[in-house]
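A.B. asks:
Number of protein chains: 2
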Amino acid sequence: MEQHRPLNIVVIGGVAGGASFAARARRLCESTRITIVERGPDVSFANCGLPYHIGGEIQGREALAVQTPESLKALLNLEVRTRCEAVAIDRAAKRVQVRDLSSGETNWLDYDKLMLAPGASPLRPALPGIDDPRIFTLRNLQDMDRIVAATKEGMRAVVIGAGFIGLEMSEQLQRKGLSVQLVELQSQVIPPLDAPMAALLESELRNNGIGLDLGDGIARFEGSETHVRCQLNSGKALDADLVILSIGVKPDSELAQTAGLQLGPRGHIVVDEFQRTSDPAIYAAGDAVETVDRVLEGKTAVPMGGPANRQGRVAADHIFLGEKARPYPGSIGTGIVRVFGIAAGITGWSEKRLLAAKTPYETVTVNDNHHASYYPGAKPLTLKVLWAPDSGRLLGAQVTGFEGIDKRIDVLATAIAARMTVEDLCHLELAYAPPFGSAKDVVNLAGFAACNRRDGLVRHITELPEDPAVQVVDVRGAPLAEAFPPPGRSVNIPFPTLRANLGKLDRNRPVVTLCAFGKMSYFAARVLAQNGFDVASFSGGMKANVDPRSPAKLPNP
Amino acid sequence: MEQHRPLNIVVIGGVAGGASFAARARRLCESTRITIVERGPDVSFANCGLPYHIGGEIQGREALAVQTPESLKALLNLEVRTRCEAVAIDRAAKRVQVRDLSSGETNWLDYDKLMLAPGASPLRPALPGIDDPRIFTLRNLQDMDRIVAATKEGMRAVVIGAGFIGLEMSEQLQRKGLSVQLVELQSQVIPPLDAPMAALLESELRNNGIGLDLGDGIARFEGSETHVRCQLNSGKALDADLVILSIGVKPDSELAQTAGLQLGPRGHIVVDEFQRTSDPAIYAAGDAVETVDRVLEGKTAVPMGGPANRQGRVAADHIFLGEKARPYPGSIGTGIVRVFGIAAGITGWSEKRLLAAKTPYETVTVNDNHHASYYPGAKPLTLKVLWAPDSGRLLGAQVTGFEGIDKRIDVLATAIAARMTVEDLCHLELAYAPPFGSAKDVVNLAGFAACNRRDGLVRHITELPEDPAVQVVDVRGAPLAEAFPPPGRSVNIPFPTLRANLGKLDRNRPVVTLCAFGKMSYFAARVLAQNGFDVASFSGGMKANVDPRSPAKLPNP
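Chain order of the listed sequences is D and U.
Sequential numbering from 3 applies to the first sequence in the working numbering.
Sequential numbering from 3 applies to the second sequence in the working numbering.
#1: Alpha carbon to alpha carbon, how far is residue 354 of chain U from residue 347 of chain U?
#2: Classify residue 110 of chain U as buried or exposed, calling it buried when 16 or more other Cβ atoms lie within 10 Å of its own Cβ.
#3: Mind pulling the chain D residues with CB within less than 8 angstroms of residue 50 of chain U?
#4: Which two residues bound the contiguous beta strand (DSSP E) that contains residue 445 of chain D?
#5: Relative to the C-alpha of residue 253 of chain U, which residue among U:270, U:324 and U:440 is closest?
#6: Should residue 428 of chain U be flagged as near chain C, meaning a C-beta pair shorter than 8 angstroms?
#7: Can you find a CB in chain D that lies within less than 8 angstroms of the CB of residue 557 of chain U?
#8: Strictly under 8 angstroms for the Cβ-Cβ distance: is residue 336 of chain U near chain D by that measure?
#9: What in chain D is Cβ-close to residue 422 of chain U, meaning under 7 angstroms?
#10: If contacts are defined as beta-carbon pairs under 8 angstroms, then residue 44 of chain U and residue 143 of chain U qualify, I think. What distance do you get, rounded to the angstrom?
#11: Could you work out which residue in D:131, D:140 and D:118 is closest to residue 125 of chain D when comparing CA atoms only?
#12: Apart from the five residues on each side of it in sequence, which residues of its chain come closer than 8 angstroms, Cβ to Cβ, to residue 35 of chain D?
#13: Taking the beta carbon of residue 436 of chain D as the centre, do at least 16 other beta carbons fall within 10 Å, making it buried, or is it exposed?
#14: So the candidates are U:115, U:503, U:499 and U:451; which of them puts its Cα closest to the Cα of residue 370 of chain U?
#15: According to the Cβ coordinates, are residue 419 of chain D and residue 426 of chain U closer than 8 angstroms?
#16: Tell me the DSSP secondary structure of residue 309 of chain U in three-state form.
#17: Could you check what DSSP says for residue 43 of chain U in three-state terms: helix, strand or coil?
#18: Determine the contact status of residue 248 of chain U and residue 121 of chain U, defining contact as a CB-CB distance below 8 angstroms.
#19: Under 8 angstroms between the Cβ atoms of residue 538 of chain D and residue 527 of chain D?
#20: Let's test the definition: count the other Cβ atoms within 10 Å of the Cβ of residue 293 of chain U and tell me whether it reaches 16, buried, or not, exposed.
#21: Check whether the region 132-139 of chain D and the region 48-56 of chain D touch, using three or more Cβ-Cβ pairs below 8 angstroms as the test.
#22: Answer with yes or no whether the minimum CB distance from residue 479 of chain U to chain D is below 8 angstroms.
#23: Determine contact between the region 77-96 of chain U and the region 24-41 of chain U, defined as no fewer than three beta-carbon pairs at a distance below 8 angstroms.
#24: Can you tell me whether residue 104 of chain U is buried or exposed? The criterion is at least 16 other CB atoms within 10 Å of its CB, across all chains shown.
#25: Since residue 404 of chain D meets chain U, which of its residues come closer than 9 angstroms, beta carbon to beta carbon?
#26: Please report the distance separating the alpha-carbon of residue 358 of chain U from that of residue 196 of chain U.
#27: With DSSP as the reference, identify every bridge partner of residue 252 of chain U, one or two as the case may be.
#28: Answer yes or no: does any C-beta atom of chain U fall closer than 8 angstroms to that of residue 44 of chain D?
#29: Spell out the partners DSSP gives residue 159 of chain U in its beta bridges.
#30: For the 8 angstroms Cβ check, are there 3 or more pairs between the region 461-475 of chain U and the region 513-520 of chain U?
#31: When the Cβ atoms of the region 313-320 of chain U are set against those of the region 146-165 of chain U, are three or more pairs found closer than 8 angstroms?
#32: Taking the straight line between their C-alpha atoms, what separation do you get for residue 183 of chain U and residue 159 of chain U?
#33: Mind pulling the chain D residues with CB within less than 8 angstroms of residue 540 of chain U?
#34: Under 8 angstroms, do residue 363 of chain D and residue 397 of chain D count as touching if we go by C-beta distance?
#35: Which of the residues in the region 306-317 of chain D, read from start to end, lie with their CB under 8 angstroms from any CB of chain U?
#36: Taking Cβ positions only, does residue 76 of chain D come closer than 8 angstroms to chain U?
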């Protein structure tokens, strides 16, 4: 018979990290007393689903209320105190002061172990007019209910912040019949992506009637009886019936700070690999903590449901399994978003983040279809991978397209967790049948392209040269080259005719090859390099100038 | 300027391995003479797509003819000789004798390096009546054309062999309006899968009108004017207008054998990690070779397009890049098949293969939905993982279900390639947004379940005990327990009432807990173990007894 010393455990916050912690703790010890203190009226709700109920895609609100205090009592024998706020921690006496938000009464709960899972709150900067009741943020079911009540077909919505939630909200409000204008301070949507990878999302938003104000921020709000005017930094004004503010979150770490627990530079609770704070009797998990970056040195904070759930589990394991507990390995930063018919995903570090950190990297971008091109329904996708120049180790990846985005991101997130190199990508043996994949999946192709670069078989450039001394050779078929010419001067030599037309090029001047998707230009660069030319291939091709819905393999040129 | 010594390369076989080899060789050396000798009239065709043209899902035949001799000349400057058969290799003189199948003339081609990519042919055992022209195998476009010409709506087809091609052919012939009877010597479809994982495929086949004769083989064929009678080992007779024979393939290694090259125990060409045969001037790739098993010690042969393509590339790299070439890391054995609305995938070793090899292993099976349960369209899937008991290293995985099968197989194939453990699965940071996944993906859940088992938190059983001394506790809700009772004696104690009803169970007798999907029974086993019971959980649950289309998470019991 298993025996654990019965403990008294208090959990602050009953959503992802806190609820996972409590459930795992109960699995490990039947006799421990577990009390969850939750500020809101709900526990363990599906916060990632909130936008989809607002748009009506998830119809029943009850689908989002995964558990209730009653079901947690029945299933897990948990004491759940909703609408109760933890207001102070007395670490010396190991007790936490809790205020009942309904009655206003406070009392003290003793603990042997305390779990802090307070989450993060939406940023709400102190701008003029910010208190207008028509300006919403979205964190919980009550926020969702307020937005549902405040929205109806034909209204004008302004969404400020084009991150994951901003895009989901834009899509869902448009789905509900509102007109939507999306404002983002940075010059692209989904700022974690590198800009070229965000372009397809932006075109999809525009194609679906979402207005974009990129590179512009909110200066102030001016509320009137009929609407809220959003005054942007540029001087532009957007009139709205309601505003969604989705410009980011900040960790809810005031309680931890007041209790003297160590915080990180951006206010996150500092924890060790078993989720222990600077007080060994207090654990923390979820959006309020910072963790080890699993890709590069240093710390990171990834406010996502997956890490929160798994951190909660690690903490419970450490309390009850002791030496057997496995540490939290850190967060990679994996995210995905769907906007209408498009998806974009990222895992690990982006080019802009590597540049900002002055970390050396190399990168390639490849295009292919999501399954065998000859099988009906093949849709193009674009994959960018980044790696460390010395070791070849993967540092990050981004994928955009129509189908199979989540699959490639998950494969690459697994490869990053395994500290695989781009060489390893070449020989992943992925599932191939025509409805599902290709004999050489785009992930393999990214490995091939990266190795070609590492082996010096090809030089890549990512911007077309302005120097007129450089010969730009467009190796696409003549119709495509004429319909979508590259900027500046170029000569069209379709690839199949290249070997016979080397005489048209000046061997004493550098050459850049370009094509639709980056593959034929690589082939051409190989031909030219072996014929004595100084040549580079335009990475990723002219894709942006063709219909993004066309298959990634064109008929033979 | 890059310089390679111009070589004279001959390639026998112009489909997956041979064509990839030739393309890569050309990329690496413009000045080498590359000649492809192909017995059939086509090169580089999409052989995995053949069944889908027969069923009409891929409409245009030309979609499958990826390249022609002319396009390979234009794009890659390859000399392609179709309808030419290599009949002898003179290794001492480094030349290969080729017969033109049209003219009957033979001549000799000199080589510096020879690539053997002959592929594998469908087995056609010497059974009585096997030569009936209505008995087809499927290897190339001509086989496909013959089957297209021989089939029309209302005909009766018998498919013999329920492997990947047999299932694809059954689906596609049914799609074309034929009635289909599928015969398999083993007692399940897709013999590489463990039997319980094949059950969903079998129900899907039956639901779509495919008749199944499992555990029965073909004894002889009796052709008459009107039909072919398939006499099975059991004595059963099936009358057919046509028969598809898809019982496996054998490597086309006669040429290699005659030339004295080393062959493996099942007739595959033996190669080293750079695809060199026992003659260093001769390379081989594709379905005809055996390679290192990437999971466990020993050799394997995986007749699939992915390995063939990548082996061809490795061989070309070794010829032209020398020391820079990266070895072929071996094959894992990853496969996937779609049958109507179901998919099943496998990577690595199955339980039956591990048992047969007397290799120690442990396994768990978990059920979950393919994306967040609260988001519309969640479909159940079942994931089985196998690992080495000592190290926890993953040895194999199988997935069946409706959506997202390929994603999980690819993640697990990547994890196996990385030599990850089941512990590593717990902390894969996979992409989560409601349309794509869950905060804890089923792959994470498999890691959790495996670790619980490794940590001794739960004992699993995979068959319900017949010993009446064992108490079987069904912890599902009463309606489900009554509608789908387990076989034998059991007591229904819905999980939420278990803690209050421990007195109903005899502490001196062992207990087995069961539920719908294996999760609640684990919860119950934890409660009972901590209350002094000798308890095991029925792994994977009673799933087979509920509608396989119902979501994997039932409402709270």
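Each residue gets a CB set at the ideal place from its N, CA and C atoms; glycine is no exception.
Since the model is a prediction, treat every value here as computed from it, not as a measurement.
C.D. replies: To lay it out plainly:
#1: Reading the second sequence from its first residue, position 352 is the one you call residue 354 of chain U. Reading the second sequence from its first residue, position 345 is the one you call residue 347 of chain U. Approximately 16 angstroms between the Cα atoms of the pair.
#2: As a first step, residue 110 of chain U is located in the second sequence; it is residue number 108 there, counting from the start. By the 10 Å Cβ count, residue 110 of chain U comes out exposed.
#3: Along the second sequence, read from residue 1 onward, the residue named residue 50 of chain U stands at position 48. Neighbours of residue 50 of chain U on chain D, chain order: 374, 434, 435, 436 and 441.
#4: To locate residue 445 of chain D, count along the first sequence from 1; it is residue 443. Careful: residue 445 of chain D lies outside any beta strand (DSSP E), inside the alpha helix (DSSP H) at 444-456.
#5: Residue numbering aside, residue 253 of chain U sits at position 251 when the second sequence is read from its first letter. Out of U:270, U:324 and U:440, U:270 has the C-alpha closest to the C-alpha of residue 253 of chain U.
#6: Included in the structure are the protein chains D and U, with no chain C among them.
#7: The sequence position of residue 557 of chain U within the second sequence is 555, counting from 1. Residue confidence for residue 557 of chain U is low, a pLDDT of 39 falling below 50, so the modelled location carries little weight; the figure read from the coordinates is stated next. Output row for residue 557 of chain U: interface = no.
#8: As a position in the second sequence, residue 336 of chain U is number 334, starting the count at 1. Yes - at least one Cβ of chain D is within 8 angstroms of the one on residue 336 of chain U.
#9: Here residue 422 of chain U refers to the residue found at position 420 when the second sequence is read from its first residue. Within 7 angstroms Cβ-Cβ: 420.
#10: Against the second sequence, residue 44 of chain U aligns to sequence position 42. Against the second sequence, residue 143 of chain U aligns to sequence position 141. Indeed, because the Cβ distance is near 5 angstroms, the residues count as touching under 8 angstroms.
#11: For the purposes of this step, residue 125 of chain D is taken as residue 123 along the first sequence, with counting starting at 1. Here the closest residue by C-alpha is D:140.
#12: By one-based count along the first sequence, residue 35 of chain D stands at place 33. Taken in chain order, the residues that qualify are 8, 9, 10, 11 and 81.
#13: Counting from 1 along the first sequence, the entry for residue 436 of chain D is found at position 434. Result: buried.
#14: Position 368 of the second sequence, counting from 1, holds the residue named residue 370 of chain U. Of the candidates U:115, U:503, U:499 and U:451, the one whose C-alpha sits nearest the C-alpha of residue 370 of chain U is U:451.
#15: Numbered from its first residue, the first sequence carries residue 419 of chain D at position 417. Numbered from its first residue, the second sequence carries residue 426 of chain U at position 424. The Cβ-Cβ distance between residue 419 of chain D and residue 426 of chain U falls below 8 angstroms.
#16: Locating residue 309 of chain U in the second sequence gives position 307, where the first residue counts as 1. Looking at residue 309 of chain U - three-state DSSP - the assignment turns out to be helix.
#17: On the second sequence, position 41 is the one that residue 43 of chain U refers to. Correct three-state label for residue 43 of chain U: coil.
#18: Your numbering for residue 248 of chain U matches position 246 in the second sequence. Your numbering for residue 121 of chain U matches position 119 in the second sequence. No, Cβ-Cβ distance for residue 248 of chain U and residue 121 of chain U is not below 8 angstroms.
#19: As a first step, residue 538 of chain D is located in the first sequence; it is residue number 536 there, counting from the start. As a first step, residue 527 of chain D is located in the first sequence; it is residue number 525 there, counting from the start. Yes, they are a contact pair.
#20: Numbered from 1 along the second sequence, position 291 holds the residue referred to as residue 293 of chain U. Classification of residue 293 of chain U: buried, given that the 10 Å Cβ count is 16 or more.
#21: no
#22: In the second sequence, counting from the first residue as 1, residue 479 of chain U sits at position 477. It does not; no Cβ of chain D falls within 8 angstroms.
#23: At 8 angstroms Cβ cutoff, the stretches touch.
#24: Within the second sequence, the letter at position 102 stands for residue 104 of chain U. Burial call: exposed.
#25: Walking along the first sequence from the start, residue 404 of chain D turns up at place 402. Per Cβ cutoff of 9 angstroms: no residues; residue 404 of chain D is ~13 angstroms from chain U at best.
#26: Position 356 of the second sequence, counted from the start, is the residue given in the question as residue 358 of chain U. Position 194 of the second sequence, counted from the start, is the residue given in the question as residue 196 of chain U. Cα-Cα distance, rounded: 12 angstroms.
#27: Sequence index remark: in the second sequence, residue 252 of chain U carries index 250 (1-based). DSSP, once it has assigned bridges, lists U:123 as partnering residue 252 of chain U.
#28: If you number the first sequence from 1, residue 44 of chain D lands on position 42. No, its Cβ sits nowhere closer than 8 angstroms to a Cβ of chain U.
#29: The count along the second sequence starts at 1 and reaches residue 159 of chain U at position 157. Residue pairing from DSSP places residue 159 of chain U in a beta bridge opposite U:182 and U:244.
#30: yes
#31: no
#32: For the purposes of this step, residue 183 of chain U is identified with residue 181 of the second sequence, where counting begins at 1. For the purposes of this step, residue 159 of chain U is identified with residue 157 of the second sequence, where counting begins at 1. Cα to Cα, the separation comes out at about 6 angstroms.
#33: Residue mapping note: residue 540 of chain U aligns to position 538 of the second sequence, counting from 1. Those within 8 angstroms of residue 540 of chain U in chain D number zero; the least Cβ separation is about 17 angstroms.
#34: Counting from 1 along the first sequence, the entry for residue 363 of chain D is found at position 361. Counting from 1 along the first sequence, the entry for residue 397 of chain D is found at position 395. In contact: residue 363 of chain D and residue 397 of chain D (Cβ atoms closer than 8 angstroms).
#35: Correct list: 306, 307, 308, 309, 310, 311, 312 and 315.
#36: Position 74 of the first sequence, counting from 1, holds the residue named residue 76 of chain D. Cβ-Cβ to chain U under 8 angstroms: yes for residue 76 of chain D.
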